[in-house]
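Residue numbering for the sequence shown is 34 to 222, as defined by this note's numbering.
Input: a single structure, listed below in structure tokens.
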Amino acid sequence: MFGFGFPGQGFHCLEIPGLTKKKSTDHMGLIQIKSGEANVEKVEEELKYLIDAKWHWKVRKICETEYLATFPNKMILDTFSRSKSIDLAFHNISATIAQSDLDRFVSSVLQTGWVQMYNIPDFTKSIEAVTLIAELAGEVLVVDEVSLIKEGPVRVKLRARDLSALRDYKEISIADIGYEIKFVAEKSV
């Protein structure tokens with residue numbers, strides 16, 4: 034279990050031996066909402082109006098601003114994925130559409146990024162201890178070893194549900210003594 038230290042951010046991440054990703058045979062498009070209020074029903078309505086009213090659109094929300102949709106064919110998806118932006122007129126939504134190799138049953142995608150942790154006690158500045166603390170926020174991929182020996186925050190690269198939600202103090206107990214650790218997700222460039 035990762036991310037359980039932040040409300041609504043907990044998740045299980047399974048590593049299944051021998052699992053290989055299969056390329057989806059569906060024509061999956063990733064729709065990123067740039068502006069406007071969107072939900073599954075609005076996105077489906079817009080796609081029916083803009084592309085094909087008879088097609089059974091399978092739209093799935095995977096995060097706050099991203100939706101997956103199965104397009105009728107590769108040519109339509111290719112055409113829309115070449116545009117910088119699509120204006121969806123019914124609900125005043127601006128979006129981009131890109132080709133995706135995600136499976137149509139995907140319900141979310143973890144975000145990857147760097148998080149700074151402040152107030153880490155000196156005696157816990159080891160890869161193993163920092164990993165245990167950072168798992169409150171997500172699945173640890175890398176601990177910045179240079180930040181372990183420098184003054185200031187310790188940096189970890191991790192996968193999380195929503196990196197922007199990782200901005201808070203968490204009290205943890207180490208050997209029966211509480212410490213407030215501040216987590217701050219770095220802005221991606």
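Glycine is no exception: its CB is placed at the ideal position from the N, C-alpha and C atoms.
Let's see if you can read the secondary structure: which residues bound the beta strand (DSSP E) around Met61? On the sequence shown, residue 61 is found 28 positions in, with the first residue counted as 1. Element bounds for Met61: Met61 to Ser68.
Please check the pair Phe104 and His60, which I expect to be a contact at CB under 8 Å, by giving their CB distance rounded to whole angstroms. Here residue 104 refers to the residue found at position 71 of the sequence shown. Here residue 60 refers to the residue found at position 27 of the sequence shown. Their Cβ separation, rounded to whole angstroms, is 4 Å, which keeps Phe104 and His60 in contact under 8 Å.
Count the CB pairs spanning the stretch 150 to 169 and the stretch 124 to 141 that are closer than 8 Å, and state whether there are at least three. no
Can you find the residues in the same chain that come closer than 7 Å, C-beta to C-beta, to Met34, ignoring five residues on each side of it along the sequence? As a first step, residue 34 is located in the sequence shown; it is residue number 1 there, counting from the start. For Met34, where only same-chain residues beyond five positions count, the Cβ hits under 7 Å are Gly43 and His45.
Quick one: measure Cβ to Cβ for Trp147 and Lys190, integer angstroms, because I've assumed they're closer than 8 Å. Translated into the one-based positions of the sequence shown, residue 147 becomes position 114. Translated into the one-based positions of the sequence shown, residue 190 becomes position 157. Right, their Cβ atoms sit about 5 Å apart.
Element boundaries [beta strand (DSSP E), containing Leu121]: Translated into the one-based positions of the sequence shown, residue 121 becomes position 88. Ile119 to Leu121 is the span of the beta strand (DSSP E), which, as asked, contains Leu121.
For a quick check, are the C-beta atoms of Leu196 and Gln144 less than 7 Å apart? Locating residue 196 in the sequence shown gives position 163, counting from the first residue. Locating residue 144 in the sequence shown gives position 111, counting from the first residue. Result yes, Cβ atoms of Leu196 and Gln144 sit closer than 7 Å.
Does the separation of the CB atoms of Ala102 and Gly62 fall below 7 Å? To locate residue 102, count along the sequence shown from 1; it is residue 69. To locate residue 62, count along the sequence shown from 1; it is residue 29. Taking 7 Å as the Cβ cut-off, Ala102 and Gly62 qualify as a contacting pair.
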